[in-house]
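Sequences listed follow chains B and L, in order.
Going by this note's numbering, the first residue of the first sequence is number 41, and it counts up by one from there.
Going by this note's numbering, the first residue of the second sequence is number 41, and it counts up by one from there.
For reference, the structure is listed below as structure tokens.
2 protein chains.
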Amino acid sequence: MSRTSLRGRSPASVFSALGDTTRLELVARLSDGKQHSITELTDGLALTRQAVTKHLQVLSGAGLVTRKRIGRESRFDMRPDAIADARDYLTRVSDQWDQAIARLRAAVEE
Amino acid sequence: MSRTSLRGRSPASVFSALGDTTRLELVARLSDGKQHSITELTDGLALTRQAVTKHLQVLSGAGLVTRKRIGRESRFDMRPDAIADARDYLTRVSDQWDQAIARLRAAVEE
DNA sequence: GGTCAGCGCAACCAGGAGGTTGCCCAATGA
DNA sequence: TCATTGGGCAACCTCCTGGTTGCGCTGACC
Numbered sequence: 041m042s043r044t045s046l047r048g049r050s051p052a053s054v055f056s057a058l059g060d061t062t063r064l065e066l067v068a069r070l071s072d073g074k075q076h077s078i079t080e081l082t083d084g085l086a087l088t089r090q091a092v093t094k095h096l097q098v099l100s101g102a103g104l105v106t107r108k109r110i111g112r113e114s115r116f117d118m119r120p121d122a123i124a125d126a127r128d129y130l131t132r133v134s135d136q137w138d139q140a141i142a143r144l145r146a147a148v149e150e
Numbered sequence: 041m042s043r044t045s046l047r048g049r050s051p052a053s054v055f056s057a058l059g060d061t062t063r064l065e066l067v068a069r070l071s072d073g074k075q076h077s078i079t080e081l082t083d084g085l086a087l088t089r090q091a092v093t094k095h096l097q098v099l100s101g102a103g104l105v106t107r108k109r110i111g112r113e114s115r116f117d118m119r120p121d122a123i124a125d126a127r128d129y130l131t132r133v134s135d136q137w138d139q140a141i142a143r144l145r146a147a148v149e150e
């Protein structure tokens with residue numbers, strides 16, 4: 041279903057956003073269900089705050105994460121729908137392959 | 041399990057390989073379970089054979105696809121294990137998020 | 001009010017990604 | 001044998017990406 045309308049967030053853009061170890065790390069940290077500020081996420085990352093900001097923008101652009109300004113800080117939290125969609129996409133590819141293989145096998149064996 | 045030992049193929053590299061519409065298209069075509077040559081895959085893609093070759097190298101490097109030289113042509117076919125691994129990774133992230141949310145909710149409500 | 005912490009914006013830079021062209025090599029098949 | 005077909009290799013180009021630094025702004029706190 042994915043009702044929350046991830047329009048424009050193509051699977052490619054989601055995969056691309058996940059295709060970076062730093063961003064995967066950020067996603068891992070954000071998957072604790074809590075909100076995190078930028079400096080908090082920067083902590084322990086051997087990167088500038090600006091670099092982390094850019095990564096968060098990429099994640100946000102892919103719909104993996106949402107930003108919310110609270111006072112002087114930007115809070116980010118995960119939006120798991122995009123992840124679910126990406127997983128569904130992979131499931132579909134897998135299924136397609138499985139079925140194709142089954143058909144080929146059946147065609148040979150009969 | 042994923043016994044075929046996809047060592048070195050980090051999730052990030054798999055996601056990165058999938059993070060391109062052309063490569064997603066190639067994966068879609070290859071998920072018919074058959075082997076395809078390069079010129080065959082180039083057909084209808086508005087790209088040079090060389091460009092497609094590079095994309096296939098990326099897919100191969102991520103373990104999504106294998107090459108086999110037969111006569112004068114290179115045959116490619118899908119290796120679905122990498123896809124399954126990527127999907128499992130996303131499932132793990134989703135589960136982690138679900139559990140975290142459940143814990144937070146329980147902590148609030150009691 | 002002044003200071004500090006948290007960010008945003010813009011400029012800049014090096015390296016990699018995606019793509020092309022040109023050339024050459026090996027199989028294939030008439 | 002010889003033309004054709006499928007590919008590999010290398011050079012080259014452009015644009016995007018990941019990263020930095022510098023600066024200025026605003027909210028929090030004493």
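Heads up, the beta-carbon is just placed ideally off N, CA and C, and yes, glycines get one too.
{"Query": "Using a Cβ cut-off of 9 Å, pull out every chain L residue sitting near residue 124 of chain B, in sequence order please.", "Result": "130, 134"}
{"Query": "Shortest alpha-carbon distance to residue 67 of chain B belongs to which of L:68, L:89, L:105, L:51?", "Result": "L:51"}
{"Query": "Report the residue ranges of all alpha helix (DSSP H) runs contained in full by the stretch 70 to 145 of chain B; include only those spanning at least 4 residues, in chain order.", "Result": "78 to 82, 89 to 101"}
{"Query": "Counting only Cβ-Cβ distances shorter than 9 Å, please list the residues of the stretch 98 to 111 of chain L near chain B, keeping chain order.", "Result": "none"}
{"Query": "Take residue 49 of chain B and list the residues in its own chain whose beta-carbon comes closer than 7 Å to its own, dropping the five residues that flank it on each side.", "Result": "102, 103, 122"}
{"Query": "How about residue 78 of chain B and residue 114 of chain B: are their beta carbons less than 8 Å apart?", "Result": "yes"}
{"Query": "Using a cut-off of 9 Å between C-beta atoms, extract the partners of residue 56 of chain B located in chain L.", "Result": "55, 56, 58, 59, 60"}
{"Query": "Any beta-carbon of chain B closer than 8 Å to the one on residue 71 of chain L?", "Result": "yes"}
{"Query": "Less than 8 Å separating the beta-carbons of residue 86 of chain L and residue 71 of chain B?", "Result": "no"}
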